[in-house]
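See below for the structure under consideration.
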Amino acid sequence: MNLEGLEIFLVVAKSKSMARSAEILDMTVSSISRKIKKLEEELNTELFHRGGKEFHPTSQGEIIAQRAEILLAEAQNIRNLVNSDDKLHGPIRILIPPSLADILSIQFFAPFMQRHPEIELRVKVTLGRKVDTLYDNDFAFSPNLPQDTSLIARPLFVGKRYFYAGPELLAKYGMPESPADLSRYPFVGLLDNNKYSGGLLTWDNGSGRNGQIAVSCQITSDYPDLLASMVSQNLGVGCLTEGAFRNLPKSSYVRLFDDETYDEATLYGIFASREHRPHRVNVFVEELIEFIGSNLI
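Quick look at the structure:
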């Protein structure tokens, strides 16, 4: 019997939900189910009543949960004694979009390395591509959920998208009064955007206004920065986040419709489930999520 199995069992016993336990533990439901089954085999007893939506401990399960809580608390005390002066060391490999790399390089990565000078930080820029698996990386930022179901995907923040156009394009076509007017404008399209499909762009301002626009995209890309550059060159209207324009002169683009939001984009943190994560990656993930929650949301 190992302590990890007892810890997982205790979380499920308290939450009475596999899905909720998966969120708490940063594990997949299937991994938790296997761990519980293995613990039951080791103890030769059923720990939960099965069949309903909630997981309620059996009478034996309740007794074991009480004992496990005492045991795990003491185990944590021992870990704290051993690790109190332990320094983080080793590599942390990250995939990150360029717009976020610019922000985090100064505001998060530099302070993190000062706190943990023996960490080797290896950062690869994804250039807008969606992330389906980690390969040999420890953490990735992704605009989509991964196909690899063994990975954890945690929403980090929601970015707002707006309609943008170049000043010369507006001089030629006029200033649109509503998104419906954009069907007569050239457009630049963001690939891997579930709001754009088959020549139709679905928009929703989050305040009760929504609709679809038939758009003609001569330029499409999965790299928002490239599309922002095309907008600034007056080649089309784009629905993009403000960060895509961060390196462009403000005089080269115009945000339309009184700065109303017309789409949202969730950015996920992708990482391995906890049983496959080194301690240094756990610390990195915890500090990163705390930073984003305090500074970017």
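The numbering of the sequence shown is full-length UniProt numbering, which starts it at 1 and goes up by one.
C-beta: ideal position from N, C-alpha, C; glycine also.
Below 7 Å CB to CB, which residues in the same chain sit around residue 57 once its five sequence neighbours on both sides are set aside?
-> Closer than 7 Å at Cβ, skipping near neighbours: 13, 47, 48 and 65.
Write down the C-beta distance between residue 267 and residue 108 rounded to the nearest angstrom, noting that I regard them as a contact closer than 8 Å.
-> Actually they are not in contact, since the Cβ atoms of residue 267 and residue 108 sit about 14 Å apart, beyond 8 Å.
Selected residue, minimal CA-CA separation from residue 223, among 233, 215, 256 and 241 | 241
In terms of DSSP beta bridges, what is residue 197 paired with?
-> 200
Helix, strand or coil: which one does DSSP assign to residue 99?
-> DSSP places residue 99 in helix when its eight states are reduced to three.
Could you say if the region 140–153 and the region 231–240 meet the contact criterion of at least three C-beta pairs nearer than 8 Å?
-> no
How do the region 161–168 and the region 248–261 stand: do at least 3 beta-carbon pairs fall below 8 Å, yes or no?
-> yes
When the Cβ atoms of the region 111–125 are set against those of the region 201–221, are three or more pairs found closer than 8 Å?
-> no
What residue from 8, 88, 98 and 78 has the CA that sits closest to residue 61's CA?
-> 8
Short check: CB of residue 260 to CB of residue 207, under 9 Å?
-> yes
Which class does residue 134 belong to by DSSP, given the choice of helix, strand or coil?
-> coil
What separation, rounded to the nearest whole angstrom, lies between the Cα atoms of residue 299 and residue 136?
-> With the chain covering only 1 through 297, there is no way to say anything about residue 299.
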